[in-house]
Amino acid sequence: MFSSELRQAIQASQARLIYVLGADHALPHESSGCPVFCFLALPLQAVVLASAVQAAFENLQLARQQDALQLELDRARIEIDELNEIGIALSTQPDTATLLDLILRKSRDITNSDAGSLYLVEETESGEKRLRFKLTQNDSVKVPFAEFTIPINASSFAGYVALVGEELHLEDAYQSPASIPARINPRFDQESGYRTKSMLVVPMKNPQGEIIGVVQLINAKRSAHLRVNAQTVNEAVIPYPASRRSMVSSLASQAAVAIENSRLYESIQTLFEGFVKASVVAIESRDPTTSGHSFRVADLTVGLAEAVDRCDTAPFREINFSRAEMKEVRYASLLHDFGKVGVREEVLVKAKKLYPLQVELVKDRFDFVRKAVQQGHTERKLAYLLEKGQQEYLARQQEFDQEFQERLAELDDFFKFVLQCNEPTVLPEGNFQRLVELASVQFQDWDGQSRPLLTPVEAGLLSIPKGSLDDMERVQIESHVTHTFNFLSQIPWTKEIRNIPLIARAHHEKLNGTGYPLK
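The structure is reproduced here in structure tokens:
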């Protein structure tokens, strides 16, 4: 009596069971577990039976409405889950190019679109806004791609949507309504053998309502695996369903926010990059002889890190650098000399052992002695002439002149020696003693005071065995590392690049434990 087919029909809301009991009001054992809508007992009146049947039909209708609502609810839940997943994916992608690809791909996925394009609004130098064709995708044909711009006007569907800011849905792009001034350009279809039919063009608006781009979807398909051409288009392509159009609009809004966030992130990166470069240029401008040094150090250091990262042999096989670590290395390399702003400029640019002013003072001193020697020579000859007469003077004139030239040559030799010692090279051992001897040479200044040809400070600087810095100056130069660390530590670095101050501080350390400042 109660077949499995009946049970299935009742469970599927295709039937309702009204059971009429006999005079004994007994239930047959087959009814156990079978859902009965209602029981009626004999004797049965027609009006009662009619009411029961009407109630059963109403119950069936309500059950079907409930099932339909449940299906709609399930579909809405799936759509919300899809949008949430897409939103999460969009919000976690900082790279603009990857983000745009993701936006277009997801828009096509949720609509089964065979093709699509993405445009971004950009402003020219003259202030005119245009649409830049940034991306295209097509499952059925290969599309040659090159970026270009189009005007925001009714000359194209994308330009029209960017102009009016409203969604455009066309069941057949070649039969657009007369109320839409834009028309399709058939050249691509003609050249490729493709056939554009259904189209959905959606503006991407930011929270302020500003249009920042357009998503253009082409040919919604019955099934994702189908391919579209002029022969298959009518069978494969359908209009865009209203529910999917709503999802694309929602996705476009999320995409606009994601694009603006990505642009903001890139602008912050560009701003920071500009700040870093400007800082490096400002520091290096204090010492023109090392211009470009920080940029060269960054290029070489990052290049070494990349080579180590690629190496698959010992001893670097286990050493790898993440993108964040590479960024740390680069910025630390660029900013490693930032602390030189705290070093006195005369020390920073000191190229030789004596400062330029000191060299000028030594030169002036030697010039004074030369003139004094010349004056003494003239006075000596004149006195001899007056005392001995012209004949004896002429006999010894050559001797006087030779002594004079020898004295000048000695002074010139001394000065050349000073200039030689002033070079920041390794000082030969014998030069120390000669400097001591030269420092002991005295001369009479214009007021008759006896003064050294080289002052103790000058002699000490010229005695520097290597380089151009004495001990105190070297301490000042080496302090730039500590200044760099202190300055960079004031910057609120993000977590991924917070080691920049530590890396920069170690740029004069050596693997054997020497170096500075951590001696």
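Take the sequence shown: its letters are residues 587 to 1105, numbered as in the numbering used here.
We treat Cβ as the ideally placed atom computed from N, Cα and C, and that holds for glycine.
On a predicted model such as this, the values are computed, not experimentally measured, just so you know.
{"Item": "Can you round the beta-carbon distance between Ala-748 and Val-788 to whole angstroms, since I take them to be within the 8 Å contact cut?", "Value": "Not really, about 11 Å apart at Cβ, beyond 8 Å."}
{"Item": "Counting only the same chain and skipping the five closest in sequence on each side, list residues whose C-beta sits under 8 Å from that of Arg-872.", "Value": "Lys-926, Val-927, Glu-931, Leu-934, Val-935"}
{"Item": "When we look at the beta-carbon of Ser-829 and count the other beta-carbons within 10 Å, is it buried (16 or more) or exposed?", "Value": "exposed"}
{"Item": "Per DSSP, Met-790 is paired with what?", "Value": "Gly-799"}
{"Item": "Could you give the distance in angstroms between the alpha-carbon of Arg-909 and the alpha-carbon of Ala-868?", "Value": "28 Å"}
{"Item": "What distance in whole Å lies between the Cβ atoms of Ile-1050 and Lys-939, which are believed to be in contact at a cut-off of 8 Å?", "Value": "5 Å"}
{"Item": "Could you tell me the alpha carbon to alpha carbon distance between Leu-947 and Pro-1014, rounded to whole angstroms?", "Value": "25 Å"}
{"Item": "Within 10 angstroms of its Cβ, does His-1066 collect 16 or more other Cβ (buried), or is it exposed?", "Value": "buried"}
{"Item": "Which of the three DSSP states, helix, strand or coil, is assigned to Phe-623?", "Value": "coil"}
{"Item": "Can you grab the Cα-Cα spacing for the pair Ile-1086 / Ser-919, in whole Å?", "Value": "9 Å"}
{"Item": "Report back the beta-carbon spacing between Ala-822 and Val-834 to the nearest angstrom; my notes put them in contact at under 8 Å.", "Value": "With 8 Å as the limit, Ala-822 and Val-834 do not qualify as a contact, their Cβ atoms being about 19 Å apart."}
{"Item": "Between Arg-993 and the rest of its own chain, which residues show a CB-CB distance below 7 Å, the 5 nearest in sequence each way excluded?", "Value": "Val-959"}
{"Item": "Report all residues from its chain with a CB closer than 7 Å to the CB of Val-622; omit the five preceding and five following residues, and keep chain order.", "Value": "Leu-603, Tyr-605"}
{"Item": "What is the rounded straight-line gap between the Cα of Val-877 and the Cα of Glu-870?", "Value": "The displayed chain sequence assigns Ser, not Val, to residue 877. When rounded, the distance between both Cα atoms is 6 Å."}
{"Item": "DSSP puts Tyr-851 in a beta bridge; with which residues?", "Value": "DSSP output for Tyr-851 lists no bridge partner at all."}
{"Item": "Would you check if there are 3 or more beta carbon pairs closer than 8 Å linking the segment 882-894 to the segment 1032-1040?", "Value": "no"}
{"Item": "According to DSSP, is Asp-687 part of a helix, a strand, or is it coil?", "Value": "helix"}
{"Item": "Inspect the CB distances between the segment 1057-1072 and the segment 962-980 and report whether three or more fall short of 8 Å.", "Value": "no"}
{"Item": "Distance check for Phe-881 and Ser-1026, CA to CA, integer angstroms please.", "Value": "47 Å"}
{"Item": "Is Phe-774 near the ligand MN, judged by its Cβ being under 7 Å from some heavy atom?", "Value": "Summarising the ligand content, the structure contains no ligands, and the ligand MN is consequently not present."}
{"Item": "List the endpoints of the continuous alpha helix (DSSP H) containing His-963.", "Value": "942-974"}
{"Item": "Under a three-way DSSP split, which group does Asp-681 fall into?", "Value": "coil"}
{"Item": "Whose C-beta lies closer than 8 Å to the C-beta of Leu-669 among residues of the same chain, with five residues either side of it excluded?", "Value": "Met-833, Ser-836, Leu-837, Gln-840"}
{"Item": "Measuring only the C-alpha atoms, how far is Leu-626 from Ala-638?", "Value": "9 Å"}
{"Item": "In this structure, how does DSSP classify Asp-898 when only helix, strand and coil are distinguished?", "Value": "coil"}
{"Item": "Pull up the distance between the alpha-carbon of Val-1108 and that of Glu-671, whole angstroms please.", "Value": "No information on residue 1108 is available, as it lies outside the stretch 587 to 1105 that the chain covers here."}
{"Item": "Determine the extent of the alpha helix (DSSP H) in which Gly-1016 is found, giving its start and end residues.", "Value": "1015-1025"}
{"Item": "List the whole-angstrom C-beta distance separating Arg-769 from Pro-737, where the pair is believed to meet the contact cut-off of C-beta under 8 Å.", "Value": "In fact, because the Cβ distance is near 15 Å, the residues do not count as touching under 8 Å."}
{"Item": "Could you please give the first and the last residue of the uninterrupted alpha helix (DSSP H) stretch that includes Lys-913?", "Value": "909-920"}
{"Item": "Look up Asn-771 in the DSSP assignment and say whether it is helix, strand or coil.", "Value": "coil"}
{"Item": "Determine the closest residue to Glu-914 out of Ser-1075, Arg-1060, Arg-1084, with distance taken between C-alpha atoms.", "Value": "Arg-1084"}
{"Item": "Any idea if Glu-1044 is buried or exposed, counting beta-carbon neighbours within 10 angstroms, 16 or more meaning buried?", "Value": "buried"}
{"Item": "According to DSSP, simplified to helix, strand and coil, what is Ile-869?", "Value": "helix"}
{"Item": "First and last residue of the beta strand (DSSP E) that includes Arg-718?", "Value": "715-724"}
{"Item": "With H, G and I counted as helix, E and B as strand and the rest as coil, what does DSSP make of Asp-700?", "Value": "strand"}
{"Item": "Based on DSSP bridge pairs, tell me the residues matched to Thr-735.", "Value": "Arg-718"}
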